[in-house]
Structure formats: structure tokens, C-alpha cells
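*Asks:* Residue numbers (the numbering used here), protein chains in the order written: chain A, 247 to 551; chain B, 38 to 319. No residue lacks a Cβ here, since even glycine has one placed at the ideal position from N, Cα and C. Computed from a predicted structure; not experimentally measured.
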Amino acid sequence: MRTDALTKFYGPVTALAGLTMSVPRGEIFGFLGPNGAGKTTAVKLLLGLARATSGVARVLGESPDDLDMRRRIGYLPELFRYQDWLSAREVLALHCALAGLRRARRRGAIDDSLELVGLTARRDDRVGSFSKGMQQRLGLAVALVADPEVVFLDEPTSALDPVGRRDVREVLRSLKARGATVFLNSHMLSEVEQVCDRVAVVDSGRVVALGTLAELVGGPKRVRIGLESMSAECAAAAARFGQIESADGTSIVIGDVEAARIPDVVATLVAAGARIVSVAPESQTLEDRFLSLLRKPDDVDPDLR
Amino acid sequence: MSILIFASLAIAELGRRRVIAAVGALTAACIVLTGWAFSKLHQYALAHAATITRGDEAMANSMQVILLAHMFGMVLAVGAAFLAAPAIAGDVESGVALAILPRPVRRMDLLLGKFLGLAVITIGFVFLTGGVEFAVVHAVTGYSPPHPLEALAYISAGAVVLLALSLAGSTRFSPIAVGIVAVALYGVSWIGQVADAVAAAYHNGAIRTACTIISLLIPSGGMWRGAIFNLEPAMLAFASAQVSVNPITVTSPPTQAYLIWTAAWIIAVLAGAIATFNRRDI
């Protein structure tokens with residue numbers, strides 16, 4: 247999957263401003279960004295639901311309008327609805343037919359998908375009677391029913407309880423195990439941290455960071471050192487290694503410290519007369535990194551957890 | 038293939054949502070009621086056979102059938118407009134289109150499939166209920182309109198014009214706006230036919246030209262004209278020709294050129310709808 251300088255204007259509003267990225271096969275790719283960053287627009291352009299103002303989008307090497315390519319993808323939209331007068335099984339049968347799945351395979355594919363998302367017992371109930379969470383489970387089943395090579399999931403767990411979220415993570419891992427590519431739009435940073443191989447952070451229609459979680463978050467960036475007592479000499483010695491983020495009578499937090507320098511920090515503090523009781527390197531979280539990348543951190547969703 | 042899937046889905050939706058059952062029940066009640074009324078009129082004519090000739094009764098029956106066709110055609114046009122108005126716009130607004138369109142289907146398939154499904158239901162409804170109504174009238178009075186199948190074909194064509202128009206609007210505008218506009222245009226097209234008859238009586242060329250333009254832009258009125266003409270017995274057509282203005286009868290059917298124009302109009306409107314829908318961001 248690849249985009250190159252992909253741009254989309256809705257009238258005077260810039261939804262995407264030259265989005266460039268690529269996702270290799272078999273990867274679970276997380277796509278993060280604040281509201282209005284252009285995440286859903288990017289997915290719509292990749293799926294041919296919206297037309298790009300300029301730039302290139304390719305999925306499985308093909309144009310979004312290529313019908314053969316579309317046989318090989320699955321999609322769970324964020325704001326969706328299925329025909330509420332159909333049963334869950336009928337919705338899946340419809341999508342099997344639209345996806346061009348051979349008739350002989352349809353029944354097994356439908357049963358397997360229902361089993362996968364835990365809706366077997368409700369297979370003959372009308373979708374209109376489903377809760378939002380059950381509709382999201384059905385949406386996941388629809389996305390997966392035709393055994394796609396690439397799956398686009400736009401906020402797949404927004405309506406799910408913790409058990410449902412865990413189930414979705416298991417589904418994502420099983421997709422990866424069979425070689426499928428997953429494009430995951432999500433606000434759930436903890437979810438992304440747990441399952442994604444690589445992550446792109448998008449803001450104002452541009453990718454502002456792209457890489458593996460280790461590349462994005464990096465190693466420990468700060469160290470918290472517990473002391474029997476704090477002296478001015480200790481504080482001055484610590485300041486030579488990085489920014490003092492906090493300090494009180496019994497602990498000091500030094501920021502921007504590479505992990506390799508922590509032994510030097512400890513040795514210097516001991517030489518300055520400190521009696522050290524604990525040393526705790528602290529890693530930057532994805533949330534920390536995410537917030538630091540955004541130009542206006544105050545605009546971030548309060549539910550970013 | 039996808040067209041047939043969407044067509045059958047549109048038909049199934051009308052069945053599941055009980056639209057077919059509700060309209061069918063109302064229509065059945067209407068047929069029973071009108072059958073009873075025709076039988077009463079027939080009994081009255083038999084009881085007064087000395088003053089009411091068979092020709093008088095046939096003339097009265099033909100007028101009643103034509104009035105029924107007026108009502109039937111109007112209800113059908115409104116129904117067609119409101120069936121097709123949400124066909125695309127509703128799917129886009131609700132999010133159903135988001136799930137369907139990334140599948141290996143062309144937007145054209147979705148649009149034409151919906152059109153086909155709604156057209157099959159509408160035409161089937163016209164011929165079934167119209168056929169039963171004519172049969173009931175014949176059974177209780179012995180009267181049959183001169184060209185019932187042709188009349189039903191024209192009524193169907195008028196409904197298909199409204200279907201195409203509403204479906205085209207549905208690719209761009211909200212369902213409620215499309216429904217109202219389509220019904221209003223149907224009314225304009227119908228009154229254009231009546232105004233044309235008035236203008237002809239008063240030899241007003243400007244009004245006739247305006248009415249011709251209206252009938253070309255919205256050909257549902259022309260189809261109404263064809264339906265009514267095929268329901269008129271020769272004596273009624275002759276009588277109406279002697280009256281300068283008569284809003285419920287017509288003196289001539291649409292020309293062959295106009296029928297070709299109407300078919301081309303439907304194709305062009307659907308082509309425009311496809312082009313609009315293809316450009317639309319979902």
C-alpha cells in the first residue's frame with residue numbers, strides 16, 4: 247500500500263496535504279492522529295470512496311478503482327450501518343456475493359466469520375436489533391468474510407468493551423499470522439502499542455512521524471534517581487547530564503538522558519557525595535511521543551489512552 | 038451480476054419493510070370499493086334502462102375508469118418519487134454505502150440495480166393492480182377500456198420517468214428535497230398537458246410552446262396523456278374533441294417521436310445520475 251503526495255481539499259478545507267507513506271505486505275500498520283488530521287480521508291482515498299485532488303494512492307500495487315484489487319480487501323468503516331432489515335447472516339451473504347466469493351465457499355466463510363466475532367448465536371437476528379458493539383463485531387466479520395489480503399479498520403474497537411477489544415487484538419494477530427496486511431486507524435494508543443509493527447502519526451494531513459514503535463518511542467529518555475538526601479552539589483552534578491524535570495528532598499528526575507549514560511550519572515552523583523537508594527530508567531510512552539509531535543497538544547482527544 | 042444483486046436487494050427491502058404489503062392492502066381495498074361502486078352504477082342503469090342507454094352507461098363507465106386512472110397515476114408517481122428519493126442519498130447518509138462501495142462493484146451497478154429493482158416493483162404493481170381493476174369493472178359492468186395494456190404501459194412509463202428523475206436527484210441531494218421536487222415537477226408536467234389543451238382551444242402559440250418545452254423536460258405528463266387516450270372509447274374521444282377545454286380527457290396520443298424522446302430522456306437522466314454519483318465523495 248502506498249501514497250505519494252496525496253492531497254485532498256473539501257472546498258477551502260485541506261483534509262490531506264501531501265500524504266506520503268508506504269505499508270509493506272504482512273504488516274499491522276497503525277495510523278494515528280488527532281480529530282480532523284485526515285486519517286479517515288486517507289482511507290477513503292485508498293478505497294476509492296473519495297477522489298484525490300492530486301497525488302497517487304495504490305493498494306496491492308493497483309489504483310483504488312481497480313475491481314480485482316477490491317476483491318482482495320476488507321473494510322470496517324468508522325461511521326457505518328448495515329441494512330437493519332437484514333439478519334447478520336444475510337449481511338454477510340450479501341458481502342460474500344459482492345466480493346465475488348464462490349458459492350461453495352460462502353457458507354463456511356459466513357459461519358467462520360460469525361464464530362470469529364462471537365455472533366453465531368445471533369446470526370439470524372435482524373441487524374436493527376443489535377447494540378452498537380454488536381454492530382461493530384458484525385462490521386469486523388464483514389471486513390474479514392472474503393478472506394482479504396489487506397484489511398482497513400477504522401476505529402474498530404470504539405464501541406467495544408474490554409473483552410471485545412482483547413478479542414479484536416487477537417483477530418489482528420491472527421490476520422498477521424496468515425500474512426494479511428492490516429491498516430489500523432485508531433485513537434486507542436495502548437491498542438496500537440500492543441499490536442502494530444509500525445506507526446504513522448498524521449497531523450493536518452501530513453505524516454509527522456513514521457517508524458516502528460521502538461523508533462518512535464526510543465529507549466529510556468529519563469531517569470528517576472532516589473537519594474537519601476539532596477544537596478546542591480548533587481543537583482549541579484545531575485544537571486550536567488540533562489534537564490532536571492523535577493527534584494525534591496529524596497529524588498531527582500533527569501530528562502533527555504540516553505540509557506547508555508545512566509551509569510555515568512550514578513557515578514557522578516556518588517562522587518558528589520550522594521547516597522543513592524534507587525535508579526529507575528523511564529521510557530517515553532507512545533502517548534508522550536504522540537502529544538509531543540502535535541503542534542497543539544491541547545487539541546488532542548481527552549479519550550486518548 | 039452486481040446489478041441483479043442490488044435489484045433483488047431493493048425488492049427485498051420493500052418486502053421486508055412491509056411497503057409491498059401495506060400498498061397491496063390499500064390497493065385491494067380500493068379495488069373492492071370501486072368494484073362495489075361500479076356495480077351500484079350498473080344496477081342503477083339497469084333499473085333505468087328506459088332512459089339510460091348502454092351507450093350512456095359505457096360513456097359513464099369510461100369516465101369513471103379515466104378518473105380512477107388519474108388517481109392511480111398520481112399515487113403511483115408520488116410513490117415512485119418517494120421510493121427512489123432515498124435510494125442513493127439514504128445509503129450515503131446512513132453509512133450503508135461506505136460498507137458496500139469498497140467491494141468490487143461499480144457505482145453504476147448500485148444505481149442501475151436500484152433503478153431496476155424499483156422499476157420491476159412499480160411496473161409489476163401497475164399491471165397487476167390495473168389488470169385486476171379492469172377485470173373487476175368488466176365483471177360487474179361488462180365494460181372494458183379500448184386499450185388497457187397500452188394504457189397500463191403508459192402509466193408505467195410515467196412512473197419510470199419519475200423513478201429516473203428521483204434517482205438522479207438522489208445522487209446529489211437529500212431524500213426529502215428530491216421527493217418534494219420530483220412530485221412538484223410531476224404536477225407541473227401534468228398541468229402542462231392541460232394548459233396545452235387550453236392554449237390549443239384559444240390558439241395561443243406562446244403557451245403551447247412553453248407547454249411543449251415542459252413536456253420535453255419532464256415527459257411524465259406526456260405519458261399520462263398516452264394512458265388517458267388509450268382508456269377513451271372512440272365516442273368519448275369524439276365528444277371531448279367537441280369540447281374546447283377538458284382537463285380529464287385528451288384528443289390525441291403522444292407521437293412516436295415523443296416516445297423515442299422519452300426513452301432517450303430516461304437513458305440520459307440515468308447517465309447523468311451515474312456521472313454525478315461517480316464524482317461524489319462518499
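For residue 551/A, would you say it is in contact with chain B, using Cβ-to-Cβ distances shorter than 9 Å as the test?
*Replies:* Working through the first sequence from its first residue, we reach residue 551/A at position 305. Only weak support exists for where residue 551/A lies, its pLDDT of 36 falling under 50; the value from the coordinates is given anyway. Residue 551/A does not count as touching chain B.
*Asks:* Just by C-beta distance, which residues in the region 340-370 of chain A are closer than 8 Å to chain B?
*Replies:* 340, 341, 343, 344, 345, 346
*Asks:* Taking a contact to mean a Cβ-Cβ separation below 9 Å, would you say residue 499/A touches residue 469/A in this structure?
*Replies:* In the first sequence, the residue the question calls residue 499/A occupies position 253. In the first sequence, the residue the question calls residue 469/A occupies position 223. Contact flag set, yes.
*Asks:* Starting from residue 305/A, trace the beta strand (DSSP E) both ways and give me its first and last residue.
*Replies:* Reading the first sequence from its first residue, position 59 is the one you call residue 305/A. Run containing residue 305/A: none; DSSP gives neither H nor E here.
*Asks:* With DSSP collapsed to three states, give me the class of residue 491/A.
*Replies:* The count along the first sequence starts at 1 and reaches residue 491/A at position 245. The answer is strand: DSSP assigns residue 491/A an E or B state.
*Asks:* Which residues, in order along the region 124-146 of chain B, keep a beta-carbon less than 7 Å from a beta-carbon of chain A?
*Replies:* Listed by position along the chain: 131, 132, 133, 135, 136, 137, 138, 139, 140, 141, 142.
*Asks:* Measuring alpha carbon to alpha carbon, tell me which residue in 158/B, 145/B, 129/B is nearest residue 310/B.
*Replies:* Translated into the one-based positions of the second sequence, residue 310/B becomes position 273. Minimum Cα distance to residue 310/B is reached at 145/B.
*Asks:* Considering only C-alpha positions, which residue in the set 238/B, 226/B, 294/B, 246/B is nearest to residue 262/B?
*Replies:* The residue you call residue 262/B lines up with position 225 of the second sequence. Checking every option, the nearest Cα to that of residue 262/B belongs to 226/B.
*Asks:* Among the candidates 458/A, 351/A, 528/A, 523/A, whose CA atom is the shortest distance from the CA of residue 475/A?
*Replies:* One-based indexing of the first sequence puts residue 475/A at position 229. Nearest to residue 475/A by alpha-carbon distance, out of 458/A, 351/A, 528/A, 523/A, is 523/A.
*Asks:* Taking DSSP as the reference, what is the three-state secondary structure of residue 241/B?
*Replies:* Taking the first residue of the second sequence as position 1, residue 241/B is located at position 204. Three-state DSSP puts residue 241/B in coil, outside helix and strand.
*Asks:* Just to make sure I have the definition right: I need the residues of chain B whose C-beta is within less than 7 Å of the C-beta of residue 316/A. Which are they?
*Replies:* Numbered from its first residue, the first sequence carries residue 316/A at position 70. Within 7 Å Cβ-Cβ: 139, 140, 141.
*Asks:* Note down, in chain order, each residue of its chain lying with its Cβ closer than 7 Å to the Cβ of residue 400/A, except the 5 sequence neighbours on either side.
*Replies:* As a first step, residue 400/A must be located in the first sequence, where it is residue number 154. 286, 289, 322, 323, 324, 431, listed in sequence order.
*Asks:* What are the residues of the region 289-310 of chain A that lie near chain B, defined by any Cβ-Cβ distance shorter than 8 Å?
*Replies:* 290, 293, 294, 295, 296, 297
*Asks:* Would you kindly check if the distance between the Cβ of residue 266/B and the Cβ of residue 154/B is under 9 Å?
*Replies:* Along the second sequence, one-based indexing puts residue 154/B at 117. Along the second sequence, one-based indexing puts residue 266/B at 229. No, they are not a contact pair.
*Asks:* Taking 9 Å as the threshold (beta carbon to beta carbon), is residue 398/A in contact with chain B?
*Replies:* Here residue 398/A refers to the residue found at position 152 of the first sequence. Yes, contact with chain B.
*Asks:* Could you tell me which of 539/A, 306/A, 413/A sits nearest to residue 363/A, measuring between CA atoms?
*Replies:* Stepping through the first sequence from its first residue, residue 363/A is reached at position 117. Among 539/A, 306/A, 413/A, the Cα nearest to that of residue 363/A belongs to 413/A.
*Asks:* Which residue spans inside the region 192-233 of chain B form an unbroken alpha helix (DSSP H) run of at least 4?
*Replies:* none
*Asks:* Look at the alpha carbon of residue 250/B and the alpha carbon of residue 229/B, and state the distance between them as a whole number of angstroms.
*Replies:* Counting from 1 along the second sequence, the entry for residue 250/B is found at position 213. Counting from 1 along the second sequence, the entry for residue 229/B is found at position 192. Rounded to the nearest angstrom, the two C-alpha atoms are 9 Å apart.
*Asks:* In chain A, which residues lie less than 8 Å from residue 46/B when you measure between Cβ atoms?
*Replies:* Position 9 of the second sequence holds residue 46/B. Those are 329, 340, listed as they occur along chain A.
*Asks:* Between residue 263/A and residue 251/A, what straight-line distance do the alpha-carbon atoms span, to the nearest angstrom?
*Replies:* Within the first sequence, numbered from 1, the residue matching residue 263/A stands at position 17. Within the first sequence, numbered from 1, the residue matching residue 251/A stands at position 5. The straight-line gap from Cα to Cα measures roughly 7 Å.
*Asks:* Per the contact definition of three or more C-beta pairs closer than 8 Å, is the region 378-398 of chain A in contact with the region 337-353 of chain A?
*Replies:* yes
*Asks:* Would you call the region 289-301 of chain B in contact with the region 207-223 of chain B, where contact means no fewer than 3 C-beta pairs closer than 8 Å?
*Replies:* no
*Asks:* Applying the criterion that 16 or more other CB atoms from any shown protein chain within 10 Å of the CB defines a buried residue, is residue 543/A buried or exposed?
*Replies:* Residue numbering aside, residue 543/A sits at position 297 when the first sequence is read from its first letter. Confidence at residue 543/A is low in this model, with a pLDDT of 46, below 50, so its placement is unreliable and no value can be given for it.
*Asks:* For the region 425-504 of chain A, list the beta strand (DSSP E) runs that are entirely contained and at least 3 residues long, ordered along the chain.
*Replies:* 427-431, 444-449, 452-458, 466-473, 489-493, 497-501
*Asks:* Who are residue 274/A's beta bridge partners in DSSP?
*Replies:* Taking the first sequence and counting its residues from 1, the one referred to as residue 274/A is at position 28. Answer is 428/A, bridged to residue 274/A.
*Asks:* Taking C-alpha atoms, which residue in 95/B, 305/B, 58/B, 63/B lies nearest to residue 76/B?
*Replies:* For this step, residue 76/B is matched to residue 39 along the second sequence. Selected option, being the one with the closest Cα: 95/B.
*Asks:* Determine, for residue 319/B, whether the minimum Cβ-Cβ distance to residues of chain A falls below 9 Å.
*Replies:* Indexing the second sequence from 1 puts residue 319/B at position 282. Chain A, which has a Cβ nearer than 9 Å to the Cβ of residue 319/B, makes this yes.
*Asks:* When the Cα of residue 292/B is compared with those of 112/B, 313/B, 253/B, which residue comes out closest?
*Replies:* Sequence index remark: in the second sequence, residue 292/B carries index 255 (1-based). Nearest C-alpha to residue 292/B: 253/B.
*Asks:* Let me check one thing: in DSSP terms, what residues is residue 255/A bridge-paired to?
*Replies:* To locate residue 255/A, count along the first sequence from 1; it is residue 9. According to DSSP, residue 255/A bridges with 260/A.
*Asks:* Take the Cβ of residue 243/B as the centre, count every other Cβ of all protein chains shown within 10 Å, and call the residue buried at 16 or more, exposed below.
*Replies:* Taking the first residue of the second sequence as position 1, residue 243/B is located at position 206. It counts as exposed.
*Asks:* Quick check on residue 39/B - is its C-beta less than 9 Å from some C-beta in chain A?
*Replies:* Taking the second sequence and counting its residues from 1, one reaches residue 39/B at position 2. So, interface residue.
*Asks:* In the structure shown, what three-state DSSP assignment does residue 527/A receive?
*Replies:* Your numbering for residue 527/A matches position 281 in the first sequence. In this structure, residue 527/A counts as strand in the three-state DSSP scheme.
*Asks:* Just to make sure I have the definition right: I need the residues of chain A whose C-beta is within less than 8 Å of the C-beta of residue 54/B. Which are they?
*Replies:* For the purposes of this step, residue 54/B is taken as residue 17 along the second sequence, with counting starting at 1. Residues of chain A passing the Cβ test: 331.
*Asks:* Please tell me whether residue 325/A has its Cβ less than 9 Å away from any Cβ of chain B.
*Replies:* For the purposes of this step, residue 325/A is taken as the residue at position 79 of the first sequence. Yes, residue 325/A counts as interfacial toward chain B.
*Asks:* Return helix, strand or coil for residue 267/A, following the three-state DSSP convention.
*Replies:* If you number the first sequence from 1, residue 267/A lands on position 21. Strand at residue 267/A.
*Asks:* Going by alpha carbons, who is nearest to residue 259/A out of 509/A, 318/A, 450/A?
*Replies:* To locate residue 259/A, count along the first sequence from 1; it is residue 13. Relative to the Cα of residue 259/A, the nearest Cα in the group 509/A, 318/A, 450/A belongs to 450/A.
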